[in-house]
Amino acid sequence: MLKRLLIENYAIIDKLEIELGSGLHIITGETGAGKSILLGALSMVLGQRADTSVLRDVNTKTIIEATFDISHYDLNDFFIKNDLDFETHSIFRREIAPSGKSRAFINDTPVNLNILKEISSRLINVHSQHDTLELATPAFQLNMLDQIAENDTLQAEHSKNYYLYKSTEKKIIALKKELEQNLADKDFITFQLNELNQLTEEDQSLEELEQELNTQQHAEEIKVKLNHASDMLQNSEYAIQTHLDSLLTELSSIKKILPSIAELYSRLESISIDLKDISNEIEHLEADIIYDPNSLDIIQEKVNFINKLLHKHQAENLEKLYEIRETYTSKLSLLENSDFELDSLQSTADAQKKELQKSAALLSESRQAAIEPIETEVNKMIRDLGMPHSMFQIRIDKKQGDLPGEKGIDEVAFLFSANKGSRPDEIKKVASGGELSRLMLSIKSLLAEKTALPTLIFDEIDTGVSGEVALKVGKLLEKAAKGIQIISITHLPQIAARGDMHFYVYKDESADKVNTRMKLLSPAEREQILAKMLSGEAYTDAALENARQLLKSSV
Numbered sequence: 003m004l005k006r007l008l009i010e011n012y013a014i015i016d017k018l019e020i021e022l023g024s025g026l027h028i029i030t031g032e033t034g035a036g037k038s039i040l041l042g043a044l045s046m047v048l049g050q051r052a053d054t055s056v057l058r059d060v061n062t063k064t065i066i067e068a069t070f071d072i073s074h075y076d077l078n079d080f081f082i083k084n085d086l087d088f089e090t091h092s093i094f095r096r097e098i099a100p101s102g103k104s105r106a107f108i109n110d111t112p113v114n115l116n117i118l119k120e121i122s123s124r125l126i127n128v129h130s131q132h133d134t135l136e137l138a139t140p141a142f143q144l145n146m147l148d149q150i151a152e153n154d155t156l157q158a159e160h161s162k163n164y165y166l167y168k169s170t171e172k173k174i175i176a177l178k179k180e181l182e183q184n185l186a187d188k189d190f191i192t193f194q195l196n197e198l199n200q201l202t203e204e205d206q207s208l209e210e211l212e213q214e215l216n217t218q219q220h221a222e223e224i225k226v227k228l229n230h231a232s233d234m235l236q237n238s239e240y241a242i243q244t245h246l247d248s249l250l251t252e253l254s255s256i257k258k259i260l261p262s263i264a265e266l267y268s269r270l271e272s273i274s275i276d277l278k279d280i281s282n283e284i285e286h287l288e289a290d291i292i293y294d295p296n297s298l299d300i301i302q303e304k305v306n307f308i309n310k311l312l313h314k315h316q317a318e319n320l321e322k323l324y325e326i327r328e329t330y331t332s333k334l335s336l337l338e339n340s341d342f343e344l345d346s347l348q349s350t351a352d353a354q355k356k357e358l359q360k361s362a363a364l365l366s367e368s369r370q371a372a373i374e375p376i377e378t379e380v381n382k383m384i385r386d387l388g389m390p391h392s393m394f395q396i397r398i399d400k401k402q403g404d405l406p407g408e409k410g411i412d413e414v415a416f417l418f419s420a421n422k423g424s425r426p427d428e429i430k431k432v433a434s435g436g437e438l439s440r441l442m443l444s445i446k447s448l449l450a451e452k453t454a455l456p457t458l459i460f461d462e463i464d465t466g467v468s469g470e471v472a473l474k475v476g477k478l479l480e481k482a483a484k485g486i487q488i489i490s491i492t493h494l495p496q497i498a499a500r501g502d503m504h505f506y507v508y509k510d511e512s513a514d515k516v517n518t519r520m521k522l523l524s525p526a527e528r529e530q531i532l533a534k535m536l537s538g539e540a541y542t543d544a545a546l547e548n549a550r551q552l553l554k555s556s557v
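Residue 64 in our numbering sits at position 62 of the sequence shown; the count goes up by one each step and never skips.
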């Protein structure tokens, strides 16, 4: 249960701290004094988003801190799972900095808002006036039914099955779309692949082919030049090698006479050897070059083919063409194996659909089983609240089609009739504001009882009721608060008198800025506040006596 609430620098609150206990807590105050602001601040520590608009002083951070006694609510596993320190009195804190940065903590460990929301949903439920209007919506009704029927585990299992099936369904749709596109492109892909398959991994690079092509195109010219070079070096009458040999013979005859010539002779001899090697290599080159018109055509065709493919596929080299070929090969392979892949996915989807239908059926059975006890309890409570001829019913219709939705196969409708002999109809059509409030109070009270929720907060749940009915609403709240902590913001003295603790919210205008204050009333102060609620600010002695009687009747 909520034990302590601290609010600093929030809206028109500079600092406010209250201690709470068990039972029924009443909060009253003037209109605009800040009662709803308290709930707004509390919602921050329960995980709602916030921005700098909540800062009273834009230069100072906002702090909201709530202390919960969680010793009896089996939350150890949650703390272990989220790596949090478990404390029987756990502190939830929220800070909003002037920069807009928001931080959340549980027992001084930083947490994200999802964790804060998850644990707070197991500790406290806040009912606002807007929730009363939501009572008429199918989604809210289904949620209420599931909560009271304690369908959390069944709903989680069904939601898991639903998203597994939808994920597989998306894969099937995507695969069919891809196959449809590939099938439409099959002839094109096949043609492109046949072209690319004419390439082999052993193909020369384009540069090598072009060089070979250039050689073949000038083969005759090259052979003539090489033959001429060979003649000039060695084979003609005036060949360089012949003259060099004669020179060496002449110098050889004087080597002994002129020893200094030996070095020159040696250098010329080396040149002679090199010339012979060069001449031999030229002869070999000339012999290797064979002009072949057929070979020329083949190389030219290969070069043209590769250039065409490079241009066509906007590729930089042969390696890129090989990659493109692999892509086309994969697409054709997908087409060839499409039936198998589709069958496999469809089999998975069929199995998941069966599980989905099974979990939906279990969820529906649980809801059906919960209807009668819920109707019995709610009817008893609303009749105790001054509607003796009222009738509350829950109707479940099955959705059309064989595929359950995320919430199952049920469409839930809350039906209501306030008058004897009237046929129950959808509450949005027949229930007044006061009737909706009493109906919501009954359902929320049952929710708190069934789910063992520690704290239940009502923001003016008594809208639209007065007099004797208000007394009965107060008694119901008082009774419900025997098992849980209830905090009720009210404007009715009949309800305010039933509280175990009564807090009064007021504006303090003594400083430069107006401040919201809140204090726990003493018995004497409580009598005065109730008297004012009965007859106005200038209350009468009769009103004061009436207030005392209300307080006595609640003891």
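C-beta: ideal position from N, C-alpha, C; glycine also.
Enumerate in chain order the residues of its own chain whose CB-to-CB distance from residue i is below 7 Å, with the five nearest sequence positions on each side excluded.
i, result
"F88", "N78 and F81"
"S161", "E408"
"D16", "R58 and N517"
"P426", "M393, Q395, L417, F418 and S419"
"S2", "With the chain running from 3 to 557 in the structure shown, residue 2 is simply not present."
"L364", "L156"
Going by C-alpha distance, which of the options is nearest residue i?
i, options, result
"A545", "L532, Y164, D76 and S272", "L532"
"T54", "L26, R105 and E67", "R105"
"P112", "G25, R96 and E527", "R96"
"I121", "E451, N109 and K178", "N109"
"A526", "V47, A499 and I486", "A499"
"H230", "S262, L287, A186 and L246", "L287"
"D233", "F460, N282 and L198", "N282"
"K179", "E539, S340 and E222", "S340"
"A614", "S368, F418 and T62", "Outside the displayed span of the chain (3 to 557) sits residue 614, for which this structure offers no information."
"Q487", "L7, I15 and L22", "L22"
"A221", "A68, S123, P295 and G34", "P295"
"Q359", "S335, I224, Y165 and K509", "Y165"
"L181", "F342, N548, L312 and T69", "F342"
"T331", "E511, L195 and Q496", "L195"
"K554", "S537, Q496 and D247", "Q496"
"K2", "I9, E32 and T492", "Given that the chain is displayed from residue 3 to residue 557, the structure contains no residue 2 and the question cannot be resolved."
"L249", "I259, S238, R269 and P261", "R269"
In chain order, what residues of the same chain have a beta carbon less than 6 Å from the beta carbon of residue i, not counting five sequence neighbours either side?
i, result
"N184", "K333 and L337"
"E379", "L448"
"F142", "E136"
"A138", "I429 and K430"
"S130", "D461"
"T62", "N11"
Could you please give the first and the last residue of the uninterrupted alpha helix (DSSP H) stretch that includes residue i?
i, result
"E328", "L320 to E338"
"Q157", "D154 to A186"
"V414", "Not the alpha helix (DSSP H): V414 falls in the beta strand (DSSP E), residues D412 to S419."
"I284", "A264 to D290"
"E480", "G469 to A482"
"V47", "K37 to V47"
Note down the Cα distance separating residue i from residue j, rounded to an integer number of angstroms.
i, j, result
"L443", "G469", "17 Å"
"L448", "A371", "16 Å"
"N381", "L26", "23 Å"
"L473", "V56", "36 Å"
"T170", "D71", "44 Å"
"E303", "I326", "22 Å"
"E357", "H391", "44 Å"
"M535", "T90", "38 Å"
"K401", "L144", "13 Å"
"F247", "A289", "One point to set straight first is that residue 247 is Asp, not Phe, in the sequence displayed. Roughly 26 Å between the two C-alpha positions."
"F107", "K515", "30 Å"
"S490", "S45", "15 Å"
Contact check, residue i vs residue j under 8 Å by CB: the rounded distance?
i, j, result
"I93", "N11", "I93 to N11, Cβ: 18 Å. No contact."
"N116", "L455", "In fact, because the Cβ distance is near 20 Å, the residues do not count as touching under 8 Å."
"M389", "E437", "7 Å"
"I174", "A351", "6 Å"
"I29", "V475", "Between V475 and I29 the Cβ distance is about 15 Å, and since that is not below 8 Å, they are no contact."
"M146", "T457", "Between T457 and M146 the Cβ distance is about 18 Å, and since that is not below 8 Å, they are no contact."
State the start and end residues of the unbroken beta strand (DSSP E) segment that holds residue i.
i, result
"F80", "Segment N78 to K83 is the alpha helix (DSSP H) holding F80; no beta strand (DSSP E) there."
"A540", "That residue, A540, is in no beta strand (DSSP E); it is neither H nor E in DSSP."
"P112", "T111 to V113"
"Y506", "M503 to D510"
"G31", "L26 to G31"
"L522", "N517 to L522"
"H91", "H91 to I98"
Given 7 Å as the limit, tell me if residue i has its C-beta closer than that to any heavy atom belonging to the ligand NAD.
i, result
"T251", "The ligand NAD is not among the ligands present in this structure, which contains no ligands whatsoever."
If you drop the 5 nearest sequence neighbours on each side, which residues of the same chain put their C-beta closer than 8 Å to that of residue i?
i, result
"A13", "G36, I39, G42, A43, V56, R58 and T518"
"I20", "R6, L7, F505, M520 and L522"
Determine, using beta carbons only, whether residue i comes closer than 8 Å to chain C.
i, result
"L22", "Included in the structure is just one protein chain, with no chain C present."
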